[in-house]
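**Q** Input: one structure, supplied below.
Protein chains: 2
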Amino acid sequence: MATMKDIAEAVGVSTGTVDRIIHSRGRYSEKTAAQVRTVMKELNYIPNIHARGLKRTKKHIFGVVVPYRDQDGGYWRLVEEGILKAADELTSFGNDVRIFPFDRYSSKSCTDALSDALSSDAEGLLIAPCRPDDMRGLLEQTNIPCILIDTDIPDLTQRTAYIGQNSRQSGMLSGKLMSLLISGKTSAGQASYVLIVDPPGNNYHLSNRIDGFRCFMGAVMPEMKLVTIKAEVDDEHHFHGRLEEFCVNNQALPRGIFVADSSVYYIASFLEKKGDEYASVPLVGYDIIPGREFTVENGTIDFILTQQPEAQGYRGIIMLYDDIVLKKEIHKEVITPLNIITRENIHTFMGYMNS
Amino acid sequence: MATMKDIAEAVGVSTGTVDRIIHSRGRYSEKTAAQVRTVMKELNYIPNIHARGLKRTKKHIFGVVVPYRDQDGGYWRLVEEGILKAADELTSFGNDVRIFPFDRYSSKSCTDALSDALSSDAEGLLIAPCRPDDMRGLLEQTNIPCILIDTDIPDLTQRTAYIGQNSRQSGMLSGKLMSLLISGKTSAGQASYVLIVDPPGNNYHLSNRIDGFRCFMGAVMPEMKLVTIKAEVDDEHHFHGRLEEFCVNNQALPRGIFVADSSVYYIASFLEKKGDEYASVPLVGYDIIPGREFTVENGTIDFILTQQPEAQGYRGIIMLYDDIVLKKEIHKEVITPLNIITRENIHTFMGYMNS
DNA sequence: ATATATTGCGTTATCGATAACGCAAAGTGC
DNA sequence: GCACTTTGCGTTATCGATAACGCAATATAT
Chain B
1 MATMKDIAEA VGVSTGTVDR IIHSRGRYSE KTAAQVRTVM KELNYIPNIH ARGLKRTKKH
61 IFGVVVPYRD QDGGYWRLVE EGILKAADEL TSFGNDVRIF PFDRYSSKSC TDALSDALSS
121 DAEGLLIAPC RPDDMRGLLE QTNIPCILID TDIPDLTQRT AYIGQNSRQS GMLSGKLMSL
181 LISGKTSAGQ ASYVLIVDPP GNNYHLSNRI DGFRCFMGAV MPEMKLVTIK AEVDDEHHFH
241 GRLEEFCVNN QALPRGIFVA DSSVYYIASF LEKKGDEYAS VPLVGYDIIP GREFTVENGT
301 IDFILTQQPE AQGYRGIIML YDDIVLKKEI HKEVITPLNI ITRENIHTFM GYMNS
Chain Y
1001 MATMKDIAEA VGVSTGTVDR IIHSRGRYSE KTAAQVRTVM KELNYIPNIH ARGLKRTKKH
1061 IFGVVVPYRD QDGGYWRLVE EGILKAADEL TSFGNDVRIF PFDRYSSKSC TDALSDALSS
1121 DAEGLLIAPC RPDDMRGLLE QTNIPCILID TDIPDLTQRT AYIGQNSRQS GMLSGKLMSL
1181 LISGKTSAGQ ASYVLIVDPP GNNYHLSNRI DGFRCFMGAV MPEMKLVTIK AEVDDEHHFH
1241 GRLEEFCVNN QALPRGIFVA DSSVYYIASF LEKKGDEYAS VPLVGYDIIP GREFTVENGT
1301 IDFILTQQPE AQGYRGIIML YDDIVLKKEI HKEVITPLNI ITRENIHTFM GYMNS
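For the record, the sequence lines run as chains B and Y. For the first sequence, this note's numbering gives the first residue as 1, with consecutive numbering after it. For the second sequence, this note's numbering gives the first residue as 1001, with consecutive numbering after it.
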């Protein structure tokens, strides 16, 4: 492995000059710079990240702007876990990750958190711009590198990268799984409709998922009716109430139920409460929520799709670090894989997470 | 962040003593050691990995003993890719990864490769003991730490860790997917049997998968006959020949086909050649093979299960490094997640791999 | 009692990159 | 022509952990 000293000796200058050239800190002639760059390539010089890391006593501070842990059915808690895991690894190098959480249903909370983060001494931000229109203005005025997560704002100049999911595609996948689940059960007496549960909020991922689901079902099972109920509050009781109400007005059970986010666990608990006939209705939803896995294990929930929110959060921080500290070339767009979880493989995912 | 110097000053000794205590290198009294350990906990001392990495000029050499790239339908090529990726990251720290490949169908090739690796100057090995009985003897005589991949030998003292899959469980999962796929298509004229293709070799993962598949199908669809054909040679033409032969003797198409490894792509090409009626037979198999994805994309293959062989290889090397160089505590057993791949999500996986 | 071994500890050079500091030579302004 | 700035470069301390080396003070052997 070639070191800076090797380069310096080969060219006939000192390591200080080489360093200045590498970091474009001035105080060198272009002539020497060209020689150094040539020799660097020849010797295949790779900076020793340990020496760098050791010398760098400066603390790097990263800011994270994401919704409160409990919002979107605990989804952000998982993202935060990934963030904290990465933060933990990085803080051992003397870095710091500060979280500026906000209420995704409040415009003010959102902009407040963002401006706090921007005026903090963070060198880079990981932002979930759930309310792009509220946040865009502030983001355009800064020059801090930002990695966006969950929601993209492609034309933003500060957008160093985007990490997210293909929500419409995941809706299509849900549709496929649902169609497989219900194609077998041809109970003649049953009504031919599938229930779509639209969770509270107007998250655009939710509408994309539902859209994708409708699209797939429409193509594969055009005769199947799709009935939607909209929930207004992110609360288990509220969901149960809405469902109970629905059951009273509809004598026939649906052929299947699709829930566009982790509220699928609320539906599962409702169905289990109502007995076996209900619990056996095919149910497809999103996200693994710690402590709720048993409804997948016992088969009440047939399929769960997940985009590994922890992995997204973790990845976000690591990319920020790679970009700012290590100055690595990072991917501009990372679309996380769409995992299909069911009774038979849920264990293999749970064990793998925290390792 | 507390440094060794802080610890030393707090206790009233020198950093040399602290270092000797941390690494149990002797030349210190138990009394001082106790004090140092207490203060270390108090100050929450975390060694600076950069200082460590910097000081360590010694090249670490790791050996890898795995089957030839092309065996098991290219599976090992993928494992190797992960290994090389990890190796690439580590070699920038001045390490070296040497691969000792073997022919998994030859006892001699297998032991030769292993003994080469053992007599090399590798400090740790990543081994796929595909032929456990052949390899065990040699492994018991060494004291080099070994991480096993793919096949486990639980009682081996050198076994630092095992990375692998739950193959029986994956067979069950295949069974589930197959049962969903065929429960819908109730064409009256069709025979009621599912074809199981048993690939060449007596890999125990293969038999476990088939076993799991049979188990699930037997439980969910007891009336369904399961017909097995065994392939003898790992060659596309051979598979086509065996299938053609089977078709001649069986007028009716199977309700579904399960292939226990990546030879599923051979089956897919056969079905596509025979026309639409054949290509629409539900097909479930294993592994994403680069260049063959189109048979999943166009729907000839309905479901692919994968255990991310690249991730396994990558993880193996990283764990070896963590164990030997960083002296981290590593997990003794890592079971990789069972991913379900289908037309609607295959793209999300392919993009993610090399990032 | 003398020779040798062991124990317990301090001191120090080293790994490679970084950036502050210093200094001579060349350039600029009046 | 004198005072200055800028350019181009070398020198050096530093980051934290490591391990070789040295040196007393004991312990053990003969």
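The beta carbon of each residue, even a glycine, is placed where N, CA and C say it ideally should be.
(1) For Ile-1341 of chain Y and Gly-285 of chain B, I'd like the C-alpha separation in whole angstroms.
(2) I'd like the span of the alpha helix (DSSP H) that includes Thr-1017 of chain Y, first residue to last.
(3) Between B:Pro-67, B:Leu-226 and B:Ala-113, which has its C-alpha nearest Phe-213 of chain B's C-alpha?
(4) In chain order, what residues of the same chain lie with their CB nearer than 8 Å to the CB of Thr-300 of chain B, ignoring the 5 residues before and after it?
(5) Are the region 1035 to 1042 of chain Y and the region 1290 to 1300 of chain Y touching, with three or more C-beta to C-beta distances below 8 Å?
(6) For Ser-1170 of chain Y, count neighbouring Cβ atoms within 10 angstroms of its own Cβ and tell me buried if that reaches 16, exposed if not.
(7) Alpha carbon to alpha carbon, how far is Thr-228 of chain B from Tyr-193 of chain B? Give it in angstroms, no decimals.
(8) If we cut at 8 Å on Cβ distances, does Glu-1344 of chain Y have a partner in chain B?
(9) Please list, in chain order, all residues of the same chain as Ser-1107 of chain Y whose beta carbon is under 6 Å from its beta carbon, the five residues on each side excluded.
(10) Smallest Cα separation from Ile-1147 of chain Y: which of Y:Gln-1158, Y:Glu-1140, Y:Leu-1138 and Y:Gln-1141?
(11) Whole angstroms are fine: how far does the CA of Thr-1142 of chain Y sit from the CA of Phe-1100 of chain Y?
(12) Cβ of Asp-72 of chain B versus every heavy atom of the ligand COA: is any distance shorter than 7 Å?
(13) Output, in chain order, the set of chain B residues within a Cβ distance shorter than 9 Å of Gly-1053 of chain Y.
(14) In this structure, does DSSP put Asn-208 of chain B in helix, strand or coil?
(15) How far does the beta strand (DSSP E) with Ala-231 of chain B in it reach, from first residue to last?
(16) Let me know the secondary structure DSSP gives Pro-1067 of chain Y once reduced to three states.
(17) On the premise that Ser-174 of chain B lies in contact with Phe-258 of chain B, defined as a C-beta separation below 8 Å, what is that separation, rounded to the nearest angstrom?
(18) Express the C-alpha separation of His-60 of chain B and Val-325 of chain B in angstroms, rounding to a whole number.
(19) Please check if any C-beta of chain B sits within less than 8 Å of the C-beta of Ser-1178 of chain Y.
(20) Tell me the DSSP secondary structure of Glu-1333 of chain Y in three-state form.
(21) Could you name the residues of chain Y that Leu-173 of chain B contacts, counting a contact when the two beta carbons are closer than 7 Å?
(22) What three-state label does DSSP hand Ile-1267 of chain Y in the structure shown?
(23) Using a Cβ-Cβ cut-off of 8 Å (strictly less than) and excluding sequence neighbours within five positions of Arg-1131 of chain Y, which residues of its own chain qualify?
(24) Which residue comes first and which comes last in the beta strand (DSSP E) that contains Cys-146 of chain B?
(25) Cβ of Ile-61 of chain B less than 8 Å from any chain Y Cβ?
(26) Excluding sequence positions up to five away, which residues of its chain have a Cβ less than 7 Å from the Cβ of Tyr-1321 of chain Y?
(27) How about Leu-90 of chain B: is its C-beta nearer than 8 Å to some C-beta of chain Y?
(28) Should Asp-1072 of chain Y be labelled buried (16 or more other beta-carbon atoms within 10 Å of its own) or exposed?
(29) Report all residues from its chain with a CB closer than 7 Å to the CB of Asn-208 of chain B; omit the five preceding and five following residues, and keep chain order.
(30) For the region 1313 to 1341 of chain Y, which residues have a beta carbon sitting closer than 8 Å to at least one beta carbon of chain B?
(31) Within the continuous alpha helix (DSSP H) that includes Leu-195 of chain B, where are the two ends?
**A** So, from the listed chains and residues:
(1) By 1-based counting over the second sequence, the position of residue 1341 of chain Y is 341. By 1-based counting over the first sequence, the position of residue 285 of chain B is 285. In a straight line, the C-alpha of Ile-1341 of chain Y is about 17 Å away from that of Gly-285 of chain B.
(2) By one-based count along the second sequence, residue 1017 of chain Y stands at place 17. It spans 1015 to 1022 - the alpha helix (DSSP H) in which Thr-1017 of chain Y sits, taken as one unbroken run.
(3) Position 213 of the first sequence, counting from 1, holds the residue named residue 213 of chain B. Closest by alpha carbon: B:Leu-226.
(4) Position 300 of the first sequence, counted from the start, is the residue given in the question as residue 300 of chain B. The residues are Ala-268, Leu-271, Glu-272, Ala-279 and Leu-283.
(5) Counting Cβ pairs under 8 Å, fewer than three are found: no touch.
(6) Taking the second sequence and counting its residues from 1, the one referred to as residue 1170 of chain Y is at position 170. Classification of Ser-1170 of chain Y: buried, given that the 10 Å Cβ count is 16 or more.
(7) The sequence position of residue 193 of chain B within the first sequence is 193, counting from 1. The sequence position of residue 228 of chain B within the first sequence is 228, counting from 1. The alpha-carbon atoms of Tyr-193 of chain B and Thr-228 of chain B are separated by roughly 10 Å.
(8) Counting from 1 along the second sequence, the entry for residue 1344 of chain Y is found at position 344. Yes, Glu-1344 of chain Y lies at the interface with chain B (some Cβ there is under 8 Å from its Cβ).
(9) Mapped onto the second sequence, residue 1107 of chain Y falls at position 107. Around Ser-1107 of chain Y: Asp-1134.
(10) The residue given as residue 1147 of chain Y occupies position 147 in the second sequence. Nearest of Y:Gln-1158, Y:Glu-1140, Y:Leu-1138 and Y:Gln-1141 to Ile-1147 of chain Y, Cα basis: Y:Gln-1158.
(11) Start at 1 with the first residue of the second sequence, and residue 1100 of chain Y comes out as number 100. Start at 1 with the first residue of the second sequence, and residue 1142 of chain Y comes out as number 142. Spanning the two alpha carbons is a distance of roughly 17 Å.
(12) You won't find the ligand COA in this model; it holds no ligand whatsoever.
(13) On the second sequence, position 53 is the one that residue 1053 of chain Y refers to. By Cβ distance, chain B contributes Asn-48, Ile-49, His-50, Ala-51, Gly-53 and Leu-54.
(14) The residue given as residue 208 of chain B occupies position 208 in the first sequence. Reduced to three states, the DSSP call for Asn-208 of chain B is helix.
(15) Taking the first sequence and counting its residues from 1, one reaches residue 231 of chain B at position 231. No beta strand (DSSP E) contains Ala-231 of chain B, which DSSP labels as neither H nor E.
(16) Sequence index remark: in the second sequence, residue 1067 of chain Y carries index 67 (1-based). Secondary structure of Pro-1067 of chain Y (DSSP, three-state): strand.
(17) Within the first sequence, the letter at position 258 stands for residue 258 of chain B. Within the first sequence, the letter at position 174 stands for residue 174 of chain B. That pair is a contact at about 6 Å.
(18) Locating residue 325 of chain B in the first sequence gives position 325, where the first residue counts as 1. Locating residue 60 of chain B in the first sequence gives position 60, where the first residue counts as 1. Using only the alpha carbons, I get a separation of about 8 Å.
(19) Taking the second sequence and counting its residues from 1, the one referred to as residue 1178 of chain Y is at position 178. Reading off the sequence shown, one finds Met at residue 1178 of chain Y, where the question assumed Ser. Chain B contact via Cβ: absent.
(20) On the second sequence, residue 1333 of chain Y is found 333 positions in, with the first residue counted as 1. Here Glu-1333 of chain Y sits in strand by DSSP.
(21) Against the first sequence, residue 173 of chain B aligns to sequence position 173. Under the 7 Å cutoff, chain Y gives Glu-1344 and Asn-1345.
(22) Position 267 of the second sequence holds residue 1267 of chain Y. The answer is helix: DSSP assigns Ile-1267 of chain Y an H, G or I state.
(23) The residue given as residue 1131 of chain Y occupies position 131 in the second sequence. Once the five neighbours on either side are set aside, the close Cβ partners of Arg-1131 of chain Y are Arg-1104, Ser-1107 and Cys-1110.
(24) Taking the first residue of the first sequence as 1, we reach residue 146 of chain B at position 146. Note, Cys-146 of chain B: beta strand (DSSP E), 146 to 149.
(25) Position 61 of the first sequence holds residue 61 of chain B. Ile-61 of chain B does not count as touching chain Y.
(26) The sequence position of residue 1321 of chain Y within the second sequence is 321, counting from 1. Contacts found: Leu-1090.
(27) Stepping through the first sequence from its first residue, residue 90 of chain B is reached at position 90. By this cut-off, Leu-90 of chain B is not an interface position.
(28) Taking the second sequence and counting its residues from 1, one reaches residue 1072 of chain Y at position 72. Buried: at least 16 other Cβ atoms inside 10 Å.
(29) Start at 1 with the first residue of the first sequence, and residue 208 of chain B comes out as number 208. For Asn-208 of chain B, where only same-chain residues beyond five positions count, the Cβ hits under 7 Å are Ser-167, Arg-168 and Gly-171.
(30) For the region 1313 to 1341 of chain Y, which is checked against every Cβ of chain B, the residues closer than 8 Å are His-1331, Val-1334, Ile-1335, Thr-1336, Pro-1337, Leu-1338, Asn-1339 and Ile-1340.
(31) On the first sequence, position 195 is the one that residue 195 of chain B refers to. Going by DSSP, Leu-195 of chain B is part of no alpha helix (DSSP H) but of the beta strand (DSSP E) stretching over 193 to 198.
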